[in-house]
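So for the sequence shown, our numbering puts the first residue at 226; every next one is plus one.
Single-structure report; data block below.
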Amino acid sequence: MVAREKRGQKPKLDWRLAVIWIVAVAVVCLISFAALRVYRYTEASITEQFNNEQLVLARSTANAIETLFQSLEVNLYILNALSPVQYLEESTYQARMNTTMSQLRRTPLEQIQRINAEGKVVAVVGREGLLSQEAGGETLLIDYLPQASLPQNRGKIYISSVIAPRTGELAGRQVVVMAFPTYEETAYLIHPVPTHNFAGLTAFVISLDRLAEKYVSPIKPGKTGYAWMVNSNGTVLSHPNKDFIGKDVFAVLKGRGPEVESGRLNTILREKMLKGAKGIDWYLWEEDETGKVKELAAFTPIHIGDDLWSIAVCTPYAEVTGLIKSSAYTLWILLGITIIAILSGAGLFTNRVRTEDKIREQAFQLAYQQKVEKELEQAKKFYESILESVVTGVWVADREGVTNYANKAMGIIAGIPAEKIAGTRVLEDFGEGVLEFFRSQYLKAKETLSPTYYDSVPMATLADKNSYQSGWLIPIVRDGHFDGMICTVEDVTERKRVEEELTKYRAHLEEMVEERTRQLEQKTTELEQANIRLQELDRLKSVFLASMSHELRTPLNSIIGFTGIILQGMSGEINQEQRKQLTMVKNSANHLLSLINDVLDVSKIEAGRVELSPEEMRLDDVVKEVADAFSLVASEKDLELVAEVPTGISLRSDKRRVKQVLMNLVSNAIKFTDRGSVKIAARVAEDRNLEIRVIDTGIGIKEEDINKLFLPFQQVGMPLTKNYEGTGLGLHLAKRLATFLGGGVSVKSEYGRGSEFILTIPL
Numbered sequence: 226m227v228a229r230e231k232r233g234q235k236p237k238l239d240w241r242l243a244v245i246w247i248v249a250v251a252v253v254c255l256i257s258f259a260a261l262r263v264y265r266y267t268e269a270s271i272t273e274q275f276n277n278e279q280l281v282l283a284r285s286t287a288n289a290i291e292t293l294f295q296s297l298e299v300n301l302y303i304l305n306a307l308s309p310v311q312y313l314e315e316s317t318y319q320a321r322m323n324t325t326m327s328q329l330r331r332t333p334l335e336q337i338q339r340i341n342a343e344g345k346v347v348a349v350v351g352r353e354g355l356l357s358q359e360a361g362g363e364t365l366l367i368d369y370l371p372q373a374s375l376p377q378n379r380g381k382i383y384i385s386s387v388i389a390p391r392t393g394e395l396a397g398r399q400v401v402v403m404a405f406p407t408y409e410e411t412a413y414l415i416h417p418v419p420t421h422n423f424a425g426l427t428a429f430v431i432s433l434d435r436l437a438e439k440y441v442s443p444i445k446p447g448k449t450g451y452a453w454m455v456n457s458n459g460t461v462l463s464h465p466n467k468d469f470i471g472k473d474v475f476a477v478l479k480g481r482g483p484e485v486e487s488g489r490l491n492t493i494l495r496e497k498m499l500k501g502a503k504g505i506d507w508y509l510w511e512e513d514e515t516g517k518v519k520e521l522a523a524f525t526p527i528h529i530g531d532d533l534w535s536i537a538v539c540t541p542y543a544e545v546t547g548l549i550k551s552s553a554y555t556l557w558i559l560l561g562i563t564i565i566a567i568l569s570g571a572g573l574f575t576n577r578v579r580t581e582d583k584i585r586e587q588a589f590q591l592a593y594q595q596k597v598e599k600e601l602e603q604a605k606k607f608y609e610s611i612l613e614s615v616v617t618g619v620w621v622a623d624r625e626g627v628t629n630y631a632n633k634a635m636g637i638i639a640g641i642p643a644e645k646i647a648g649t650r651v652l653e654d655f656g657e658g659v660l661e662f663f664r665s666q667y668l669k670a671k672e673t674l675s676p677t678y679y680d681s682v683p684m685a686t687l688a689d690k691n692s693y694q695s696g697w698l699i700p701i702v703r704d705g706h707f708d709g710m711i712c713t714v715e716d717v718t719e720r721k722r723v724e725e726e727l728t729k730y731r732a733h734l735e736e737m738v739e740e741r742t743r744q745l746e747q748k749t750t751e752l753e754q755a756n757i758r759l760q761e762l763d764r765l766k767s768v769f770l771a772s773m774s775h776e777l778r779t780p781l782n783s784i785i786g787f788t789g790i791i792l793q794g795m796s797g798e799i800n801q802e803q804r805k806q807l808t809m810v811k812n813s814a815n816h817l818l819s820l821i822n823d824v825l826d827v828s829k830i831e832a833g834r835v836e837l838s839p840e841e842m843r844l845d846d847v848v849k850e851v852a853d854a855f856s857l858v859a860s861e862k863d864l865e866l867v868a869e870v871p872t873g874i875s876l877r878s879d880k881r882r883v884k885q886v887l888m889n890l891v892s893n894a895i896k897f898t899d900r901g902s903v904k905i906a907a908r909v910a911e912d913r914n915l916e917i918r919v920i921d922t923g924i925g926i927k928e929e930d931i932n933k934l935f936l937p938f939q940q941v942g943m944p945l946t947k948n949y950e951g952t953g954l955g956l957h958l959a960k961r962l963a964t965f966l967g968g969g970v971s972v973k974s975e976y977g978r979g980s981e982f983i984l985t986i987p988l
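Shown next as structure tokens:
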């Protein structure tokens, strides 16, 4: 009876087990939720911190590239200001270019080119020294050359977009050209008065592959991180995948799936990087064996002259979160064990299970905490190894302003060991000036929660009392609240010194230019006054000679006339010696009269007192008269004088002057021809002008003497063994008279074989 009653009763512990199960499930849920929250918070914090450190690395590289280009600008400005380079003094300007290249050989500078005003590359200096002009290839700046000569571009540095030369030593490579318009504006021993003429360009050709090799390729955050660079046009300047370089970045994205082609990376490029923004973000890239790869990216602009580049530092998201996931796997395993233990204990034990579960839970929490601390310590060392390798100083402070980390570069800049900086409050050991500056900037960034950039701030550090620093103050923000600060410090003392020297040099150049300009203006005024006096004297001379025509000719005509009478025997018989002497007197008088006539004609032309009397005439009649006048002289020298003029050609001009020009040309031809012939030919040219040619087989004229041929009182090409009589005014007078007749005189000649003079006059 009692046994049946006992068998009919329910166990007394059923409700307790139910409570244990409910509590166990609740504990499991709470632990799982807390673990998930810890994992997500840790993941977000570490990825954000990693990306901020990537941003510091990107900004440091951008500063280094900007400083490089500023240094190259200074060196190009100094080279371009050298007189031998401006005037292309062959003995020295190439040596100056070579010296500049040797000083910059550690930079990505590939070539220095000097381009003249016509766009021709006249000198090329490479990394190994002077190269041939062909090594420079085609003129890379042929499109910019017309703009360079404009006054508004004088003194302005020009930086090209990416260029891929087709010829020369750099064919097939990607380059950027930095150029400076060159003017002949510096006084020089050989050129004491500058011409201020545009003389072309002096250019630096910068290799993008060397630039990437020196500044971009070494950036490798983590195990597989990398950096890449684009310009404002979207052209890829640097990338680990060499096939991308030189291509449009959006063309690279095309065909890689919608998540890449039109996804987050496309938006980052269009709305941020190509517009000069800086920041951190993520995007999806090409697939691997697990699918699309998520990458963390930090990007910042690079200011290259008026152009804008952008550099991005990227690391796969999985690599950054790998340590966290490792901890998470351990967490879930321990959590599973705990759940099994709790559930098993709930079915088997009552009060004793609670104690054992608490022990296991505490053991799990302790193990998890130790594991996370170990992983975080490894991550910290990993990040610190990256920061220790950069040349930019970096220090990190907490929300109270206490510095808890500083890299080696920071210690070098500060002049104290980096480990001694840690624990200070906002770099208080640096000095009062530095302290006040960073305090104010620290408070500003803490209040605005936005990055602050400072540039060329004077700081008296322990390492250098006269140093200048630039860098960023980047707030660490967690859940919208200030949680610390990352600060970069870059020593720009050398850049500041170069800028100050350049400013002084520019001021000195301006003073020199002003002084030279003043001297030039003074000399110009003096020359203008002297020129006015000379013009007045020349005018008075011409007026005097023109007005003295009658007074000079009358006595000579009398001498010639009376001498002729005596020679004819009209005054009585004379002996042979007397005849010889009188003949010499008559010839000298005729020569003097010819000289006076030429001088008077030139004077009349210069004084504007030549009067023309146009009339109708037949060309063959005029040529016949000229030929008849010189037939006797030609026969005395055994020369053949030929006239080949078509009949029926008429013209309207001043007959006396036309005849005078022809006689001067024929006289000149006979004078300088010892054997052969002198020919007079004529034709009507296609432009309806009359061409009269005087062709001789005389001594000819050297090419270098052609320009002096029509100058007054000049006789060119005369052999040293023979003396030709003449005033040196005949050809000058002929050309001036031909101009008055509306035409001109030109010449063709071959030295040693003869000459051809062409008189052109309108019909």
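Backbone N, C-alpha and C define an ideal beta-carbon position, used for all residues, glycine too.
CB of residue i within 8 Å of CB of residue j, strictly
i: isoleucine 536; j: threonine 728; result: no
i: alanine 373; j: tyrosine 383; result: yes
i: lysine 896; j: valine 867; result: no
i: asparagine 422; j: glutamate 409; result: yes
i: proline 676; j: isoleucine 699; result: yes
i: valine 430; j: glutamine 319; result: no
i: phenylalanine 935; j: lysine 960; result: yes
i: glycine 354; j: glutamine 336; result: no
i: valine 886; j: leucine 962; result: yes
i: valine 485; j: lysine 472; result: no
i: alanine 428; j: glycine 393; result: no
Other residues of its chain near residue i: CB distance less than 6 Å, five sequence neighbours each side excluded
i: glycine 979; result: Asp921, Thr922, Gly923 and Gly925
i: serine 971; result: Ile983
i: isoleucine 367; result: Gly344
i: glycine 968; result: Thr985 and Ile986
i: isoleucine 290; result: Tyr440 and Ile527
i: glycine 977; result: Gly925
N- and C-terminal bounds of the beta strand (DSSP E) containing residue i
i: tyrosine 630; result: 628-631
i: aspartate 532; result: 532-541
i: histidine 706; result: 706-716
i: glycine 354; result: 354-356
i: leucine 307; result: From DSSP, leucine 307 is part of no beta strand (DSSP E); its letter is neither H nor E.
i: glycine 979; result: 979-987
i: aspartate 879; result: 875-879
i: serine 902; result: 902-909
i: threonine 964; result: Note, threonine 964: premise wrong, no beta strand (DSSP E); alpha helix (DSSP H) at 955-965.
i: aspartate 921; result: 914-921
i: valine 347; result: 346-351
i: phenylalanine 405; result: 400-408
i: valine 970; result: 969-975
Residue i - containing alpha helix (DSSP H), residue span
i: isoleucine 318; result: A small fix is needed here, since residue 318 is tyrosine in this sequence, not isoleucine. Element bounds for tyrosine 318: 318-328.
i: methionine 795; result: Run containing methionine 795: none; DSSP gives neither H nor E here.
i: valine 477; result: 474-478
i: threonine 492; result: 489-496
i: arginine 624; result: Looking at the DSSP string, arginine 624 is not in any alpha helix (DSSP H), and its letter there is neither H nor E.
i: serine 692; result: Counting along the chain, serine 692 falls outside any alpha helix (DSSP H), though it belongs to the beta strand (DSSP E) covering 692-703.
8 Å CB neighbourhood of residue i in its chain, flanking five on each side removed
i: alanine 859; result: Glu865, Leu866, Ile895 and Val903
i: threonine 317; result: Pro309
Same chain only: Cβ atoms within 7 Å of residue i, ignoring 5 sequence neighbours per side
i: proline 839; result: Arg877, Ser878 and Asp879
i: alanine 228; result: The predicted model places alanine 228 with a pLDDT of 43, which falls under 50 and marks its position as unreliable; any figure quoted below should be read in that light. Excluding residues within five positions, none has a Cβ falling inside 7 Å.
i: tyrosine 678; result: Trp697
i: leucine 890; result: Val919, Ala959, Phe982 and Leu984
Original post:
Does the stretch 430-440 touch the stretch 476-494, meaning 3 or more C-beta pairs lie closer than 8 Å?
Top reply: Short answer: they don't touch.
**OP:** Pick out the complete beta strand (DSSP E) segments inside the stretch 418-457, 3 residues or longer, and give them in chain order.
**Re:** 423-432 and 451-456
Original post:
For the 8 Å Cβ check, are there 3 or more pairs between the stretch 747-761 and the stretch 318-336?
Top reply: As far as the Cβ criterion goes, the stretch 747-761 does not touch the stretch 318-336, which means the pair count is below three.
Original post:
Is the stretch 524-536 touching the stretch 496-503, taking contact as three or more C-beta pairs under 8 Å?
Top reply: yes
**OP:** Kindly confirm or deny that the stretch 538-546 and the stretch 441-450 touch, where touching means at least three C-beta pairs closer than 8 Å.
**Re:** yes
**OP:** Check whether the stretch 298-312 touches the stretch 717-733, counting contact only when three or more Cβ pairs, one atom from each stretch, lie closer than 8 Å.
**Re:** yes
**OP:** Give a yes or no on contact between the stretch 728-746 and the stretch 639-648, applying the rule of three or more CB pairs nearer than 8 Å.
**Re:** no
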